[in-house]
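Chains as they are written, first to last, in our numbering: chain A, 140 to 359; chain B, 140 to 359. For reference, the structure discussed in these notes is given below.
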DNA sequence: CCTACCGATCGGTAGG
DNA sequence: CCTACCGATCGGTAGG
């Protein structure tokens, strides 16, 4: 069962600032797989394509990874682990102030969708994961959903937010953020930071936030 | 170049009530293709799979449709045409009352995402369309986006809605609705109508609608 | 509207 | 007996 040293995830570097995004430091094979999956989808990509683009032999892929599925698993889990880690930092930084917790987490998620569009956009390929792999990924995503839900519920409890149903609302918000990967391009008119700010404002309305925080400006 | 009588779209029946959804009356080949595309994706589906499930020979597929791409094109354009047609009816029914126009259109879009989850969920396969086909589909979708945007802008103009940027907000709303196809199941706890109602409420907050008399605590 | 096929390529693995 | 690979090819299947 256990063979060699397959690269699974753990490509993510240590994070100290949840707002800063260094270029993804992926194994060349994963970088190639990501590129092809984004362009042709999981099933539209051949392992030979990946090998060719990575400049390695096809057997090399199977030496480093269990199989084609292993490539998708590594990319998906890497991305989800990273955004989850960032979201927890963003949350913690607010030191319990609900409005700021909410704003930080939404900002962080949208920054992830823009700075990490390629990996974040792989979310739609999740259905091609084998059941065991999907379960692991779903568990990670559920943690993110529950973090946001908990914040929304706390906001309601404190009378700062007004929503009819917190679970529906937080799920809707997450879907709204995820959809950014469908249209964002790094050469578009808006920076990731601008988009994140706008989505924070939109999200605050969605939860019926009573107090509007002073607009944040991004200096240089 | 031109051969036979290819089924393109036009499977949609005439609509008189935008809230009622009859079962999709798809050509058996398209129904089979839809089933396989949903389960394995476009590239994960073989034309032989489709033939087998439809109970026809593989060449029969190519007799009725131009190629594999033609199956996806027909399904995608059919679905988008239908929701667009419904949205226009939903809009017209409000006879210019902005709050109702907005509520109707959002309700209608969410009803589409739930009653038509299979076809609506094919949206993520749009990137596999050849450029010419994608352009046609994108044009249809843009009409829906612009309908919603126009309503949001009118609401702002009339002082009924409060948003920072109408284009961002309406795009975010559409993404929020589209995401419903990712989790909705007909055997879940909520009916399409219940989900639509909840999304209307959420969306009204998102546009800052003065849906009920604002609590007059102090001046604003 | 079927049988019979094609050029090429699929994901994955052999021996060395 | 391990690692990092190679050229060649496996049994089957792809869209047409």
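Note that the Cβ used here is the ideal one computed from N, Cα and C, for glycine as well. Because the structure is a prediction, the values reported are computed rather than measured.
Contacts that residue i makes with chain A (C-beta to C-beta distance below 7 Å)
i, result
"residue 242(B)", "Result: empty, since nearest Cβ-Cβ is about 14 Å, beyond 7 Å."
Among the options, nearest to residue i - alpha-carbon criterion
i, options, result
"residue 164(B)", "310(B), 255(B), 276(B), 158(B)", "255(B)"
"residue 281(B)", "279(A), 271(A), 322(A), 272(A)", "322(A)"
"residue 251(A)", "343(A), 320(A), 169(A), 345(A)", "320(A)"
"residue 317(B)", "306(B), 259(B), 277(B), 273(B)", "259(B)"
"residue 167(B)", "265(B), 181(B), 333(B), 190(B)", "190(B)"
"residue 267(A)", "327(A), 201(A), 328(A), 209(A)", "209(A)"
"residue 308(A)", "182(B), 157(B), 248(B), 343(B)", "343(B)"
"residue 273(A)", "324(A), 295(A), 215(A)", "215(A)"
Residue-level contact to chain A via CB, residue i, 8 Å cutoff
i, result
"residue 255(B)", "no"
"residue 340(B)", "yes"
"residue 337(B)", "yes"
"residue 311(B)", "yes"
"residue 357(B)", "Bear in mind that the predicted position of residue 357(B) carries a pLDDT of just 49, short of 50, making it unreliable; the figure below should be weighed with that in mind. Cβ-Cβ to chain A under 8 Å: no for residue 357(B)."
Whole-angstrom distance between residue j and residue i, CA atom to CA atom
i, j, result
"residue 177(A)", "residue 219(B)", "24 Å"
"residue 230(A)", "residue 192(B)", "49 Å"
"residue 313(B)", "residue 242(B)", "13 Å"
"residue 187(B)", "residue 261(A)", "27 Å"
"residue 172(B)", "residue 211(B)", "8 Å"
"residue 235(B)", "residue 184(B)", "45 Å"
"residue 239(B)", "residue 346(B)", "13 Å"
"residue 330(A)", "residue 199(B)", "50 Å"
"residue 306(B)", "residue 341(A)", "11 Å"
"residue 245(B)", "residue 284(A)", "24 Å"
"residue 336(A)", "residue 265(B)", "29 Å"
"residue 349(B)", "residue 303(B)", "15 Å"
Contacts that residue i makes with chain B (C-beta to C-beta distance below 7 Å)
i, result
"residue 308(A)", "341"
"residue 345(A)", "341, 344, 345"
"residue 263(A)", "263"
CB contact check: residue i to chain B, cutoff 8 Å
i, result
"residue 317(A)", "yes"
"residue 304(A)", "yes"
"residue 182(A)", "yes"
"residue 325(A)", "no"
"residue 293(A)", "no"
"residue 161(A)", "no"
Proximal chain A residues relative to residue i, where beta-carbon distance stays under 9 Å
i, result
"residue 314(B)", "314, 315, 316, 317, 318, 319, 321, 322"
Under 9 Å from the C-beta of residue i: neighbouring residues of chain B
i, result
"residue 267(A)", "179, 180, 183"
"residue 220(A)", "Residues of chain B passing the Cβ test: none, with the nearest at roughly 20 Å."
Check: Quick one: complete alpha helix (DSSP H) runs, 4+ long, within the segment 173-199 of chain A?
Finding: 186-193
Next item on the list: Mind listing, in chain order, the continuous alpha helix (DSSP H) runs of no fewer than 4 residues lying wholly within the segment 193-247 of chain B?
Entry: 197-203, 207-232
Check: Which ranges does the alpha helix (DSSP H) cover as unbroken runs of at least 4 residues, wholly within the segment 247-303 of chain B, from first to last along the chain?
Finding: 256-259, 270-296
Next item on the list: Tell me the start and end of each unbroken alpha helix (DSSP H) in the segment 298-333 of chain B that is at least 4 residues and wholly inside, in chain order.
Entry: 305-317
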